[in-house]
Amino acid sequence: MSDKLISTELPVQKNPNESSLEDGWHKVATSDAIKNGEALQVDNFATQLVVWRGEDGKVRALDLYCKHMGAALSCGVVDGNGIRCPFHAWKWNEEGNCDDIPYAKKIPTKAVTRSWQVKEESNDIMVMLQKA
Ligand code: FES
5 MSDKLISTEL PVQKNPNESS LEDGWHKVAT SDAIKNGEAL QVDNFATQLV VWRGEDGKVR
65 ALDLYCKHMG AALSCGVVDG NGIRCPFHAW KWNEEGNCDD IPYAKKIPTK AVTRSWQVKE
125 ESNDIMVMLQ KA
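Counting in the numbering used here, the sequence shown runs from 5 upward without gaps.
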């Protein structure tokens, strides 16, 4: 599969390095806002995120917009512990790698997105910001 299948014209993903937020953990939601198998769009962070809870109960976060053609991954479906894009069903894992394309045998080498460190504490979901 050609890397040309990765769009160069994605929706504008905010640059977290330009955020006024300081480095460190930031609350993005309450734990009860995301049940197993659900995804949430987060706009109150240094960049837009999709945060989802896999079937194993663990919460994960990636940049919101799919690196294929820019769909909001929050509109996708949780599949196992990954999230599947609503447009063409590419599946993304918590490391930010596409690990399944239903109609293709090979995965483009550029099918990688930014992943974020997540923790839950006292009913809060927190994401770590570390600017470059
Ligand atoms: S936009 Fe095509 S798989 Fe996400």
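The beta-carbon is built from N, C-alpha and C at its ideal position, and this holds for glycine as well.
Local Cβ density within 10 Å of residue i, reported as buried at 16 or more and exposed below that
{"i": "Val16", "result": "exposed"}
{"i": "Tyr69", "result": "buried"}
{"i": "Thr51", "result": "buried"}
{"i": "Ala136", "result": "exposed"}
{"i": "Gly61", "result": "exposed"}
{"i": "Gly28", "result": "exposed"}
{"i": "Leu77", "result": "buried"}
{"i": "Lys123", "result": "exposed"}
Proximal residues to residue i (C-beta, below 6 Å), its chain only, five neighbours per side dropped
{"i": "Asp67", "result": "Gln17, Thr117, Arg118"}
{"i": "Pro90", "result": "Ala75, Cys79, Gly80"}
{"i": "Gln134", "result": "Asp27"}
{"i": "Arg88", "result": "Gly80, Val81, Lys95"}
First and last residue of the uninterrupted beta strand (DSSP E) at residue i
{"i": "Glu124", "result": "122-125"}
{"i": "Val82", "result": "81-83"}
{"i": "Gly86", "result": "86-88"}
{"i": "Leu133", "result": "128-133"}
{"i": "Leu53", "result": "53-57"}
DSSP bridge partner residues for residue i (one or two, in chain order)
{"i": "Ser119", "result": "Leu66"}
{"i": "Asp104", "result": "Lys95"}
{"i": "Ala76", "result": "Tyr69"}
Cut-off 8 Å between Cβ atoms - residues of its own chain near residue i, not counting five sequence neighbours on either side
{"i": "Thr34", "result": "Asn127, Asp128, Ile129"}
{"i": "Ala37", "result": "Leu44, Ile129"}
{"i": "Glu42", "result": "Trp56, Arg57, Val82"}
Contacting residues, own chain, Cβ-Cβ under 7 Å from residue i (five flanking each side not counted)
{"i": "Phe49", "result": "His30, Val32, Val131"}
{"i": "Pro106", "result": "Ala93"}
{"i": "Lys39", "result": "Arg57"}
{"i": "Gly100", "result": "Leu66, Val116, Thr117, Arg118, Ser119"}
Checklist entry - What are the start and end residues of each continuous alpha helix (DSSP H) run of 4 or more residues lying completely inside the region 17-44, in chain order? => result none
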